[in-house]
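The listed protein sequences derive, respectively, from chains A and B.
Plus 1040 on top of the position in the first sequence (first one is 1) and you've got our numbering.
Plus 16 on top of the position in the second sequence (first one is 1) and you've got our numbering.
Glycine included, every Cβ here is placed at the ideal spot set by N, Cα and C.
Treat the numbers as computed from the prediction; the structure is a model and nothing was measured.
Here is the structure we will look at, set down as structure tokens.
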Amino acid sequence: MPVNAVADYDFPANDREENFHGARVIYAGWDKHLMFSSPYAWPLPPDLPFAHFLAGPLAEAFGQHPDFAKIDWSHAIWTKNGEAFTPDLDKTIAENGLIHKDSLRFETPGLDGIGGQFI
Amino acid sequence: MDMPAKPKKKLGLKERYAVMTRGLGWEPSYQDIDDIFPMDSFEGIKIHDWDAWEDPFRLTMDSYWKYQAEKERKLYAIIDAFAQSNGHLTVSDPRYINTVKMFVNGFAPLEYMSHRGFAHIGRQFRGVGPRVACMMQSLDEMRHAQTQVHAISNYNKYYSGMENFRHHHDYLPYLQVPKSFFEDAATGGPFEFITAIGFSFEYVLTNLVFVPFISGAAYNGDMGAMTFGFSAQSDEARHMTLGLEVIKFMLEQDPDNVPIVQKWLNKWTWRGVRVLTLVAMMQDYMLPKRVMSWAEAWEIYFEENCGALFRDLERYGIVMPPCVEQVRKERDHLSHMAWCQFYQARGTSNFHVWLPSEEDMDWLSQKYPDTFDQYYRPRFEEWRRMEEAGAPFKTTGINMQCQVCQIPMFFTEPGDPTRLAQHHCHHEGEQYHFCSQWCQEIFEDEPEKYIQSAIAGHDVFKGKAMRPEADPTAEDFNPAAEALAFWKLENGRDNGLHYGSQDERNFSMWRGLASSNS
């Protein structure tokens, strides 16, 4: 339903990709690790290799957790906006088909947080 | 010129009321009334007889001034006494001061916004009865903002996190939640605004705000805050009645109004409860001497009181907002999820946080037997171990936020406390994320509005959290440090852990000086 307004109401979306100086916003959260209360957001260059994303921004955000160093990325299970997603670690963000404001989640089988308690 | 002497006639109460409220309006003769009041019809609310409005209070401006001036005199006498007797040192525990910080940063600016909103609709309603009522509420809200700021200025002389309350309300990430809530209401039409603020916030949810803060102040020895609470209380009773009156008025005027009002009640109950996440957290984690748990407050003030209210509205065809089902499921999780978030993201807050003590956790287990020990205690215990090991857990990443309520996406699925909820949709080639089905429904009803949300984390990425003199091309440019400088947050003083903070040390030292000779 369109907005109810006294006059014409047509404004551009505030968070269009062009407003991010060449980066695109990508979100990622680590399932079963609720020590991190929510997923994080990053402005990523589209030509950033996915492996660099994992080793850089993602590791910086989640690296404090003792499970992080044990992750075998070849077994991680990913979703993108709720649908199955298989990233190619050697390809870039763009080549992996990731677009602005995609939301990734990953699960790491065998690693279910501290004491297996999803922490 | 000689004026003919007239015998002075004192007006009776009823007569005076008629002259000083209804008598202030007039029929326009040379302007179309729709041109004078262009905003009270576009929302689709149909009013056939504005005179059918019942003034719940019959208050006239002259007695309004008299009452308010009397309350003001009493209040300022107590505020002065509080200042002169170092009242800030009589509070239960220095942790309490953090609730005062949250109040002045998060809540007092909303009172001011409410003043603006009611002033606006006090101009826009064509019925003179509601116009006068809204004008008085507008003045009340201005007074509340002022007295709150004045009462809390006593704390600002000694503690951090309050001196930039206006700037922080506008820019600090966590404060964008209450700010955007009110801006959403104020950018609706006059009927939506009064449903959102006058009814949903001031009637349905008001006790859930008032009790924790004001009883919390009383329990924790904060005379200043307690007094402004009580000074505002008689106004709040009038606001509640106005809120209820306006809802009944809309529902009685035309059956076509019912679905519109229901839609707003659904939206604003949800928006209100999302904002109250902060209050739930304050109540369960921040008050050193607790009043009651969030869960208990919800049972009394929502389930019992509002249950009766919604049963009363059934005769108009109004039903309990469906989101309440989810609020019930989140009841025993809300405050815990929020404190976990604030604990780890403490670098960007203007108040201090701490881990609950053993005693605190035992109280929480007792109040939340189905959730605390199973889901939250183990997290706090792990973080305790990390603090003791000298490496406290802290995050510096920017959270993903909900497009509507703007809260970081920390809410778990209503039926599964181990999985974070995420909802997602597309609109005109852009994608959007939500914490819940309810925020998504609000978005989808008016996407043109919410695509403009200023999401705090995104603004950092866009370079908006920078002072004018910042040079992001400089070699040594540090975006995180620049964001703190832009937010006017002094790292290590305004933010971080309570124990060991400057505020905690000063409080202990000053209280020691006040109560001993050494």
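Query                                                                                                                           : Result
Residue span of the beta strand (DSSP E) that contains I1117(A), given as start and end                                         : 1117-1120
Integer Cβ distance of E218(B) from G259(B), believed to fall under 8 Å                                                         : 5 Å
Coil, strand or helix - V535(B) by DSSP                                                                                         : There is simply no residue 535(B) to check, as chain B begins at 17 and stops at 534 in what is shown.
C-beta neighbour in chain A for Q382(B), strict 7 Å                                                                             : no
Where the stretch 464-495 of chain B meets chain A: residues whose CB sits under 8 Å from a CB there                            : E464, K465, I467, Q468, S469, A470, I471, G473, H474, F477, K478, G479
For S216(B), the three-state DSSP class (helix, strand or coil)                                                                 : helix
Min CB distance S1077(A) to chain B below 7 Å                                                                                   : yes
For Y384(B), the three-state DSSP class (helix, strand or coil)                                                                 : coil
DSSP beta-bridge partners of Q164(B)                                                                                            : Q164(B) is not bridged to any residue.
Classification of G1122(A) by the beta-carbon crowding that lies within 10 angstroms, buried from 16 upward                     : exposed
Where the beta strand (DSSP E) through I1066(A) begins and ends                                                                 : 1064-1070
The stretch 265-278 of chain B in contact with the stretch 58-65 of chain B per 3-pair CB rule at 8 Å                           : yes
Pick from Q456(B), G240(B), S532(B), T411(B) that is closest to P1097(A), judged by C-alpha positions                           : T411(B)
Every unbroken alpha helix (DSSP H) inside the stretch 434-471 of chain B [4 residues or more]                                  : 453-461, 463-466
DSSP three-state assignment for D96(B), whether helix, strand or coil                                                           : helix
Assumed close pair M298(B), I94(B) - CB separation to whole angstroms, cut-off 8 Å                                              : No, M298(B) and I94(B) are not in contact; Cβ-Cβ is about 23 Å, not under 8 Å.
CA-to-CA distance, A1134(A) to P1083(A), given in whole angstroms                                                               : 13 Å
Chain B contact residues for I1159(A), given Cβ-Cβ distances below 7 Å                                                          : P394, R395, E398
Limits of the beta strand (DSSP E) - the one that Y1049(A) falls within                                                         : Run containing Y1049(A): none; DSSP gives neither H nor E here.
D186(B) - containing beta strand (DSSP E), residue span                                                                         : First-last for D186(B): 181-187, but that is the alpha helix (DSSP H), not the beta strand (DSSP E).
Interface residues of chain B facing L1138(A) [CB-CB closer than 8 Å]                                                           : Those within 8 Å of L1138(A) in chain B number zero; the least Cβ separation is about 11 Å.
Close beta carbons around T1105(A), own chain, < 7 Å, minus the five adjacent residues each side                                : The question names Thr, but residue 1105(A) is His in the sequence shown. For H1105(A), where only same-chain residues beyond five positions count, the Cβ hits under 7 Å are H1073, M1075.
Within 7 Å of chain A by C-beta, residues of the stretch 412-434 of chain B in sequence order                                   : G413, I414, N415, M416, P424, M425, F426, T434
Where F58(B) meets chain A, residues with beta-carbon distance less than 8 Å                                                    : N1044, A1045, V1046
Inter-residue Cα distance where the pair is K305(B) and K173(B)                                                                 : 24 Å
Contact set between the stretch 1088-1102 of chain A and chain B, restricted to residues whose Cβ is under 9 Å from the partner : P1097, E1100, A1101, F1102
Interface residues of chain A facing M353(B) [CB-CB closer than 8 Å]                                                            : S1077
I471(B) classed as buried or exposed, judged by whether at least 16 other C-beta atoms fall within 10 angstroms                 : buried
Amino acids of chain A, ordered along the chain, whose beta-carbon sits closer than 9 Å to that of G205(B)                      : N1044, A1045, V1046
Cβ pair count under 8 Å reaching 3, the stretch 128-141 of chain B against the stretch 79-97 of chain B                         : no
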